[in-house]
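Engineer: The structure is given below, and queries will be raised subsequently.
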Ligand code: HMG
Ligand code: MG
């Protein structure tokens, strides 16, 4: 029997780099994106059109996009928080970006910290952005942050996650990525959450976005596979963290996910683990940061 295809959305250039303190030249960010695409990553989140006062590291996204060398099989997306972000994106022509991601949260406390508004008000702000993007031919993905724990208000009720996910689907998102922003989730809590969200939204429309703070990312992905989820976000070299989630580390490392799926009944056939691991080392060296991918370290021990 042939393995079932898994989609990995490589979020390193966005979620990974947004939290870095030092200035990273646009050429380095574009180089990261281009290396990932050449290593066989077919979905890459390339940056964000957010307020530079909120997330200074993403300020140069327009310039980064202009330096992308589009690979035929790779789809490139960016985060957009409001109509200004969308306007800035569509002003770029030609552009390799075929998709935007809009984002909100399961708690008001996190939505206020991250986007200066409540969940309900954020959904109101995002609905016209999603509609306008779709009218321009862009696909729209949704994110719900803090699906397990909120750094400001604690344990999150899965029913809240289900409600917000449904709202994003209703406004035209083809998929909603469920963010364990803090990375406290375990196979048990992730399963409980997915069971609840699954009452309203089928697994083909869900993705797992698991930060690896407690080292549970790979385990949580395998728990999610049992619930029918086939799309996962990951970050090369385990880059990243959310500026509005103090202490949270990066996403589960892309290398770790690719290695864990090897020989299973699931696969990401086009992604080349060795090449991705090289990219993980390259960007870790350039940023002078620790490579937090266990698999990356094991493959290219030095
Ligand atoms: P606000 O301050 O309420 O916005 O921020 P505003 O509309 O009042 O505008 C304030 C200023 O920002 C104005 O400039 C606007 O022009 C400017 P001024 O007149 O003061 O000079 N501005 C913009 N500039 C550039 N691009 C824009 C934009 N919008 C306004 N799009 C806002 C509200 C949503 C804009 C702000 O809170 C924001 O940008 N937040 C984004 C925060 C962010 O990017 N967080 C990280 C990504 S989410 C994440 O990491 C979680 C995820 O990974 C999943 C998970 O792990 O949970 C996805
Ligand atoms: Mg994230």
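In UniProt numbering, the protein residues as written are 30 to 331. Where a beta carbon is used, it is the ideal one built from N, C-alpha and C, also for glycine. All values derive from a computational prediction rather than experimental measurement.
How would you call residue 294, buried or exposed, if buried means at least 16 neighbouring beta carbons within 10 angstroms?
Structural biologist: That one is exposed.
Engineer: Is residue 110 a contact residue of ligand 1, with contact defined as CB to any heavy atom under 6 Å?
Structural biologist: Under cutoff, so the answer is yes.
Engineer: Going by DSSP, what residue range makes up the beta strand (DSSP E) through residue 237?
Structural biologist: Residue 237 -> beta strand (DSSP E) spans 235–239.
Engineer: According to DSSP, which residues form a beta bridge with residue 77?
Structural biologist: Beta-bridge pairing links residue 77 to 108.
Engineer: Judging by CA-CA distance, which residue of 236, 264, 219 and 233 is the nearest neighbour of residue 245?
Structural biologist: If we check each option's Cα against that of residue 245, 219 comes out closest.
Engineer: With a threshold of 6 Å, establish whether the CB of residue 147 neighbours any heavy atom of ligand 1.
Structural biologist: For ligand 1, not one heavy atom lies less than 6 Å from the Cβ of residue 147.
Engineer: Going residue by residue through the region 171–250, where are the continuous beta strand (DSSP E) segments of at least 3 residues, counting only ones entirely within it?
Structural biologist: Within the region 171–250, the complete beta strand (DSSP E) runs of at least 3 residues are 204–209 and 235–239.
Engineer: Going by C-alpha distance, which of 314, 210 and 164 is nearest residue 180?
Structural biologist: Measuring from the Cα of residue 180, the nearest candidate turns out to be 210.
Engineer: With a threshold of 6 Å, establish whether the CB of residue 44 neighbours any heavy atom of ligand 2.
Structural biologist: Within the cutoff, so yes.
Engineer: Quick one: give me the first and last residue of the beta strand (DSSP E) that residue 133 is part of.
Structural biologist: Segment 126–134, the beta strand (DSSP E) holding residue 133.
Engineer: Ligand 1 heavy atoms versus the CB of residue 172: any closer than 6 Å?
Structural biologist: Yes.
Engineer: Do you know whose CA, among 74, 98 and 191, lies nearest residue 87's CA?
Structural biologist: Ranking 74, 98 and 191 by Cα distance to residue 87 puts 74 first.
Engineer: Looking at the structure shown, is residue 262 part of a helix, part of a strand, or coil, going by DSSP?
Structural biologist: Reduced to three states, the DSSP call for residue 262 is strand.
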